[in-house]
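As numbered in the working numbering, residues -16 to 277 make up the sequence shown, in order. For every residue, glycine included, the Cβ atom is placed at its ideal position computed from N, Cα and C.
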Amino acid sequence: MKLGFIGLGIMGAPMAGHLLAGGHEVFAFSRSGVPAGVLEQGAKACASPAEVAQHADIIFTMVPDTPHVEDVLFGEQGVAKGLKAGKTVVDMSSISPIATKAIAARINALGCEYLDAPVSGGEVGAKAASLTIMVGGSEATFNKVQPLFALMGKNITLIGDNGSGQTCKVANQIIVALNIEAVGEALLFAAKAGADPAKVRQALMGGLATSRILELHGERMIKRTFNPGFRIELHQKDLNLALEGAKAMGLSLPNTASTQQLMSSCVANGGAAWDHSGIVRALEIAANFQIAGN
């Protein structure tokens, strides 16, 4: 198939690579330039999102936030300028569910289909083609794109109409953030009490407290490896989406709010680009004590 891919960062580049490895033709654009590795795999660099849309029948976007998606799609040289009726736009970014519904309506008005398909799994999942993909849109469009999703991920679910995929991703980010924060509190408590945090983590891995967060991010906290991964500033953005949605619906999400504040503390201390396991640094700063490395 003739595919487009816009946004070739630490997630997008390996995702586009899997589409190329699947035998598809990929027309690519990234603000920072198409990475050499993606070009070596056979991608064709384009000068603008509009040019990508002119060549491709299905266009994937993978950019940081809602304004970036809106600019890529509807800017002066945006995807919309290159669309013709019958094409499909698939946004795999993590953005506002409310904005997604409006974006989908604008794409539909051009005679094209739209799927919101945010992912979970981070850089590791992108490279391993094991991403969880949460999809909003029509069943017919989902079925058309599903074989392409299968090249990039393993757990692929049609949640409902447009916006539902993004709603599911926000829910995912709430769970992940609160679990990282809980692991951070537990390991900080254990270390301050004089226990070996590595051995505490090992013991907890055999009980009800075990989780992928404890396995992966607990190790990061102990080894002090806070290079992303998934940047705190992006997770902070996702929790802001959760709190904005909660406010609109009249919901109280108290622990989401407190964890978002810990992320803000990390950003204030120069940690915007830390991996989200670096939430523990905000707890450590408040305690004047580190889990490891004292």
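Taking C-alpha positions only, A11 is separated from G(-13) by approximately 6 Å. A straight line joining the alpha-carbon of N210 with that of D258 spans about 5 Å.
Given a length threshold of 4 residues, each whole run of the alpha helix (DSSP H) inside the segment 121 to 172 is given here in chain order: 122 to 135. Judged by pairs of C-beta atoms under 8 Å, the segment 29 to 44 touches the segment 53 to 63, as three or more such pairs exist. Using a Cβ distance threshold of 8 Å, G146 and D99 count as a contacting pair.
An exposed status is given to F272, since fewer than 16 other beta-carbon atoms sit within 10 Å of its beta-carbon.
Per the C-alpha coordinates, the member of L134, T49, L141, K67 positioned closest to A123 is L141. For the set V52, H38, V107, the Cα lying nearest the Cα of A85 is the one of V52. Sequence-distant Cβ neighbours of L3 in its own chain, meaning closer than 7 Å and more than five residues away, are V9, Q24, G25, A26.
A255 and T239 have their C-alpha atoms some 18 Å from each other.
Q156 and L22 have their alpha carbons spaced roughly 32 Å apart. The segment 152 to 167 makes contact with the segment 216 to 223; the number of CB pairs closer than 8 Å reaches 3 or more. Judged by DSSP secondary structure, E8 falls within the beta strand (DSSP E) whose first and last residues are 8 to 12.
Between the beta-carbon of K137 and that of S113 there is about 5 Å, and that keeps the pair under the 8 Å contact cut. Taking G105 as the centre and dropping the five residues before and after it, the same chain places the C-beta of G212, F213 closer than 7 Å to its C-beta, in chain order.
A Cβ-Cβ separation of about 22 Å leaves L234 out of contact with I262 under the 8 Å criterion. The beta carbon of P(-3) sits closer than 6 Å to the beta carbons of A109, K110 from its chain, once the five residues preceding and following it are set aside; these are given in chain order. The three-state secondary structure of I116, taken from DSSP, is strand. A straight-line Cα-Cα distance of about 35 Å links A(-1) and A265.
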